[in-house]
């Protein structure tokens, strides 16, 4: 088993650690960025995604309107559980999605009136019905406005297609209540983005970037942004998206994408302080694509000059390479560094359990936290598993009153899927936000996971939970 490198071994709150040292009072008190608006929309009816002929984009749900000024920032968090009633002889379809920002709640892409850009670029996976059960799509991203608009929307857009060698089947369905989008409008945030790949090899004949698979750990810098001078009392968030594709025509193969996000000292450094822990996720030649969209953060109590923020990739598995799809203005990748004044940040990197079963269990927990009224709270996590049998998996995020609470306020509703040993390692990655209207003290944010049909699922120590005040 190849393990990710550079794994912290304990959970922490940087603010709490500084308080223990008596240093918090010495920090400057920078002005906070302003949360202008927060909107959450959950579907109330079933949503149909055309699979034949396919590529018919549809808005699943839309958050807005937001009245923005030039320089304002929108961050978005979206999730959906996609089901499909195709029979085993048509057991593969493609599911793609993205988050569009536009002046219309019906805009689906750059051909639509009012289209402005992408919060999260187009990317997807094949949905292999038998081992996966359902396809859970999650995305996060941000967009900074170059001009003012009196009404903008963030649209959660999906599309699909029957994989060509299979008999066309029915449309995919997102059941009512199983898709949501959250939009957060802020002022006073700096955003830096890049689409440039740094060390990823390029095959000009095939027209593709790729990660070599040699059996050895070979970390390569994908994105890098810097140098940045980070002021004392700053919070940095990096939103990172990638789509990797397995090689076709290779028989039955399984490949694994490893990645991490770090703060470091150069565009070529593959080691540094971790924003996102090193983690691996697998894809087979049938699924063909592996897409991950995540956020990771770091609080800077002291100023740091010449900081670089890098995404680092590596691959293991069958065959000789794993394709990294080419980033563009609207497709596949994404790497954005957001800098804003610190308001509160907590991080847990210690798994509470090493295996799951049918009992709901808290895998990661942060608390107790005192939440002021109308405080915007972003909550995000990544988790990794090593299935030894095909198991049904459910997960949710709750705000509870203890570190072991499995019920309370649902910040992220349960999403169901299956994990299969063919993938070697599987991931659950979710990002969401809430804004409680009333103050609440002694609160815990808990990632709750379980296997509704029973069985056993090993939990890898590659995960993390972050809670961020805005």
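Residue numbers (my numbering): 287 to 756. Note that the Cβ used here is the ideal one computed from N, Cα and C, for glycine as well.
Query	Result
Return helix, strand or coil for residue 708, following the three-state DSSP convention.	helix
In the DSSP output, what is residue 401 paired with across the bridge?	388
Quick check on this structure: which residue in 732, 415, 393, 401 has the alpha carbon closest to the alpha carbon of residue 573?	415
Tell me whether the beta-carbon of residue 543 lies closer than 9 Å to the beta-carbon of residue 599.	yes
Quick check on the burial criterion: 16 or more other C-beta atoms within 10 angstroms. Buried or exposed for residue 530?	buried
Going by C-alpha distance, which of 522, 474, 650 is nearest residue 630?	522
Can you tell me whether residue 494 is helix, strand or coil according to DSSP?	strand
How many whole angstroms separate the CB atoms of residue 594 and residue 550, which I take to be in contact at a CB cut-off of 8 Å?	5 Å
Which same chain residues end up closer than 6 Å to residue 740 when comparing Cβ atoms and leaving out the 5 residues on each side of it in sequence?	644
Below 9 Å between beta carbons: does that hold for residue 660 and residue 589?	no
Which residue's Cα is closest to the Cα of residue 746: 646, 355, 714?	714
Are the CB atoms of residue 718 and residue 365 within a distance shorter than 9 Å?	yes
State the CB to CB distance for the pair residue 670 and residue 566, rounded to an integer number of angstroms; the pair is presumed to be in contact (CB under 8 Å).	7 Å
Can you tell me where the alpha helix (DSSP H) with residue 415 in it begins and where it stops?	415 to 418
Taking just the CA atoms, how far does residue 502 sit from residue 349?	45 Å
With 16 other CB atoms within 10 Å as the buried threshold, where does residue 231 fall?	Any property of residue 231 remains undetermined from this structure, which presents the chain solely from 287 to 756.
Quick check: the Cα distance between residue 324 and residue 517, rounded to an integer number of angstroms?	27 Å
Classify residue 432: buried if its beta carbon has 16 or more other beta carbons within 10 angstroms, exposed otherwise.	exposed
Excluding the 5 residues preceding and the 5 following residue 422 in the sequence, name in chain order all residues of the same chain whose CB lies nearer than 6 Å to its CB.	367, 701, 703
Whose C-alpha, out of 374, 570, 576, is nearest the C-alpha of residue 605?	570
Find out if the Cβ-Cβ distance for the pair residue 360, residue 413 is shorter than 9 Å.	no
Can you give me the C-alpha to C-alpha distance between residue 676 and residue 738, rounded to a whole angstrom?	12 Å
Going by DSSP in three states, residue 748 sits in which element: helix, strand or coil?	coil
Could you give the uninterrupted runs of the beta strand (DSSP E) lying entirely in the region 579 to 654, keeping only those of 3 residues or more?	590 to 603, 607 to 610, 620 to 627, 631 to 634
Would DSSP call residue 339 helix, strand or coil?	coil
Please report the distance separating the alpha-carbon of residue 411 from that of residue 382.	7 Å
Out of 524, 558, 616, 726, which one is the CA nearest neighbour of residue 476?	524
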